[in-house]
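Report on one structure; see the data block that follows.
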Amino acid sequence: MGCGVTKSDQFHKQGGKAVTSIKAAILIQRWYRQYVARTEMRRRYTWHIFQSIEYSGEQAQIKLYNFLGYLMDNFTPSSNERNLISHIFRENEVCRDAEWERYFCYKNIEVPEIYSGPHLTFPLTVEQVTGLVDAFRNKKQLHSRYVLQLLLETWKLLRMLPNISRVSTCHSKEITICGDLHGQLEDLLLVFYKNGMPSLEKPYVFNGDFVDRGKDSIEILLILFSFLLLYPSNVHLNRGNHEDHIVNLRYGFTKEVLTKYKMHGKRILKLLQKIFSWLPLATVIDQKVLVLHGGISDSTDLSVLARLDRHNYVSALRPPKKRHKSSAGMSVDSEVEDEVWVTNKIQQRRASLTYPKTISTRDTFHNRSLQDFSDRIKVSVDEELVLRKQRAGLINMGYNHSQKHLHPSVSSDSSQESADTSDSAKEEWKQILDLLWSDPMAQDGCMPNEVRGGGCYWGPDVTEDFLNKHNLQLIIRSHECKQEGYEFCHNRKVLTLFSASNYYDVGSNRGAYVKLGPDLVPYLIQYQASSMTRELTVRQSVGRTERSAIKVLREQLFAHKSDLICAFQEFDKENTGLVSLNDWATAVETVMHLGLPWRMLRSQLVNCKTSNGMLDYQEWFKELAIKEPNMDHIDQSLLETLYRHRSTLETIFRIVDTDNSGFITMEDFRQTWKLLSVYLKMEITDEAISDLAVTIDSNQDGSIDIDEFMEAFRLTDKKSRLERGRSMFMGTAPDLTKLEGDPNI
């Protein structure tokens, strides 16, 4: 009998192979799903790192501005500290447009023959505007004479525009809408390449945040303003929360203008400050689609927004000023005396802005921090008693927003007369603040935007009510970076649009713009401006962005060393210098409040050896330490403070530098640190400040170069996108929320 293979054996062998193949396919599928899930998880926590740090920086800026506003409202006009910061609040400036136009006059500025950049004549021609775009593409700079002339023409035009622009898609005309550009010229040029430049047949709406963080903000503004002048009925610009000179101090635009236009930069910035306040607030397309920068709240009313005087709100972070007549009969700005109020969160929805807590007397400030101030802050006893009574009255009345303005020099009758006006102004101000700073949320309701520190979070029910009330069908907003460049929410009735690709780092996100035809159905186009991103795989892109985020996070951890050690010692009662890895993760979140998966991140943040599952946290800090040359003699706690509050310190520097020269005197340098010490409720000794001053003033000329000072403490390499004009990660929420329990701040 033969021993050949039977058909039955062959069948079983084939069946076995099939089963093996199915198992292999299942294993591959499972592995791939796990890989995709891990990649997505890495993308998400990387994104969370960047976004948390970005928003905490915005919150820090708002709180710093509130603090400076407190100094303005409570220090006497003759005090040194008030003089140091008064110019950013625009006190006592003549407001007549004719006076300003003389101040901004460009005719005395000569254009030298050697100038090879673009030349402009007015009214502009298509050839001149396209030539300007080409010049900026080739890294050329527009001469300051033409810059001022272009800005003046823009200012004149903006003053004639309504608060809410009305646009139509009749005759099958498509309208293109762009979101945040943030100084990234490469993205704007790519949009023009893909979609075409603005024209009579190609209308555009640009939805705010043209400036800050990127390196070409002024070029983007000049291009957009040129097209606005060329096609005033086809190019529409909405104001964003970064079209605000206070925000620009922190996020790079002020520095950019002063660097590029050293001689006339101050005038250019002042004129831009005027222009920003005249930018329209929103655009409505076919009476059905509302385009605005941030969002809405449960009190947003388009009829109120349409009739208010938008130019009164030079900064959306502070209530407007009311007009008075000076002794010379000229119209002068003066601060509206806004009482310090805090929202009763149970009885009222919210305060649009994270306002300071009730202010107590100056005596309750840390005397050590204010020693140098004490002999310069003079308020009479009578004034102080009146102020105390007024503040007590505010407490008894539940901090109602509609209380009359209080000031010792104003009688109750005159206060009563201005109460209605001031209440109206504050309501208008809150409308603008919500419009520029708010974000949507998934759940119903409306609540304070604690993450950014200004505006609100609003839910699907608020969107539904708002659209029904105003007979609209869609809100297009920007303000938030999205990984795909856009995102629908609230049953596809809210579209977030973000046009700055590679925002956090190369490969971190796409940009997008949207086209609307007569059917008003959004057609979205995505892109990434950097050629490098087209050469990276998904894994490489995620890995690159992740490494950049981890680097920033390590710097944050180092900057919070003192607080982290205290948190670790809560778990290390016997002072062994060791904590478990789980306790490490818990302690880090307790200090950082970033809501990150610390256990997952542990392998990337902790490289030092562990023993029996325990971490030597002192060794870990050595691993995190940022080595700086020639800083060994500087007190380490002061260095830590500098690292942590680097952006806040630079902002104060820019405020103190009243002539925008980029230099401050030694005395102003000391006053800057004193302001910071009061703000942080900590003592910084004169000796420590002198050591820093000597270290930085290497040429011993008696002045401090702001850029050199900040460069000496640069925490990341110069090639990092985060560091290029984006000082977003030195001044996080945990540092500043410590102040909230103190009644003085």
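Following our numbering, the numbering of the sequence shown begins with 189 at its first residue and continues without gaps. Ideal Cβ positions, reconstructed from N, Cα and C, are used throughout, including at glycine.
The residue among Ala225, Ile214, Ala213 and Trp235 with its C-alpha nearest the C-alpha of threonine 733 is Trp235. Taken through DSSP and simplified to helix, strand or coil, glutamate 875 comes out as helix. Rounded to the nearest whole angstrom, the C-alpha separation of threonine 364 and valine 702 is 6 Å. Annotation for glutamine 757: Asn763 place their beta carbon closer than 8 Å to its own, counting only its chain and skipping 5 residues before and after.
With a cut-off of 8 Å on Cβ pairs, the stretch 448-467 is not in contact with the stretch 384-394, counting fewer than three such pairs. Linking valine 682 to alanine 470 through their CA atoms gives a straight-line distance of about 15 Å. With a beta-carbon spacing of about 7 Å, threonine 853 and glycine 890 fall inside the 8 Å limit used to define contacts. Taken atom to atom, the span from the alpha-carbon of proline 636 to that of serine 736 is near 31 Å. Distances from the alpha-carbon of methionine 629 to those of Phe686, Asp486 and Arg698 put Asp486 closest. Considered as a whole, the stretch 669-746 harbours 719-722 as its complete alpha helix (DSSP H) runs of no fewer than 4 residues, in chain order. When Ser304, Leu480, Val321 and Val379 are compared, the shortest CA-CA separation from leucine 662 is found for Leu480. Closest by C-alpha distance to glycine 765, out of Lys448, Thr774 and Gln806, is Gln806. According to the DSSP secondary-structure assignment, proline 628 is paired through a beta bridge with Trp646. DSSP places isoleucine 463 in the helix class (H, G or I) of the three-state scheme. According to the DSSP assignment, cysteine 293 belongs to no alpha helix (DSSP H), since it is labelled neither H nor E. In this structure, DSSP gives valine 317 a helical state, which the three-state scheme calls helix. Residue pairing for threonine 471: DSSP places it in a beta bridge opposite Ser353 and Val479.
Look at threonine 829 here: in three-state DSSP terms it is helix.
Between the stretch 707-721 and the stretch 668-684, the count of Cβ pairs shorter than 8 Å is three or higher; the stretches touch. Assigned with DSSP and collapsed to three states, leucine 660 falls in coil, not helix or strand. Three or more beta-carbon pairs separated by less than 8 Å are not found between the stretch 432-448 and the stretch 342-358, which leaves the two stretches without contact. In this structure tyrosine 501 is buried. Its beta-carbon is surrounded by 16 or more other beta-carbon atoms within 10 angstroms. In this chain, the alpha helix (DSSP H) harbouring methionine 780 covers 769-780.
Pairing asparagine 800 with glutamine 744, the inter-Cα distance amounts to about 27 Å. The beta carbons of serine 768 and cysteine 366 sit no closer together than 9 Å.
Around the beta-carbon of asparagine 429, 16 or more other beta-carbon atoms lie within 10 Å, marking it buried. Take leucine 812, set aside five residues on each side of it, and the residues of its chain with a beta-carbon closer than 7 Å to its own are Arg742, Leu745 and Phe746, in chain order. With fewer than 16 other beta carbons inside 10 angstroms of its own, histidine 275 counts as exposed. With respect to the C-alpha of glycine 642, the residue from Phe851, His667, Lys657 and Gly319 having the closest C-alpha is His667.
Rounded to the nearest whole angstrom, the CA to CA distance from aspartate 693 to leucine 376 is 17 Å.
Rounded to the nearest angstrom, the gap between the Cα atoms of histidine 307 and glutamate 652 is 50 Å. Judged by DSSP secondary structure, leucine 425 falls within the beta strand (DSSP E) whose first and last residues are 423-425. Here leucine 215 is exposed. Its C-beta has fewer than 16 other C-beta atoms within 10 Å. Leucine 621 sits away from isoleucine 463, with the two beta carbons spaced by 9 Å or more. If the five residues before and after valine 445 are omitted, its C-beta is found closer than 7 Å to the C-beta atoms of Ile406, Gly453, Ile456 and Leu457, all from its own chain and listed in chain order. Within the same chain, and ignoring the five residues on either side of aspartate 847 in sequence, the residues whose Cβ sits closer than 8 Å to its Cβ are Lys454.
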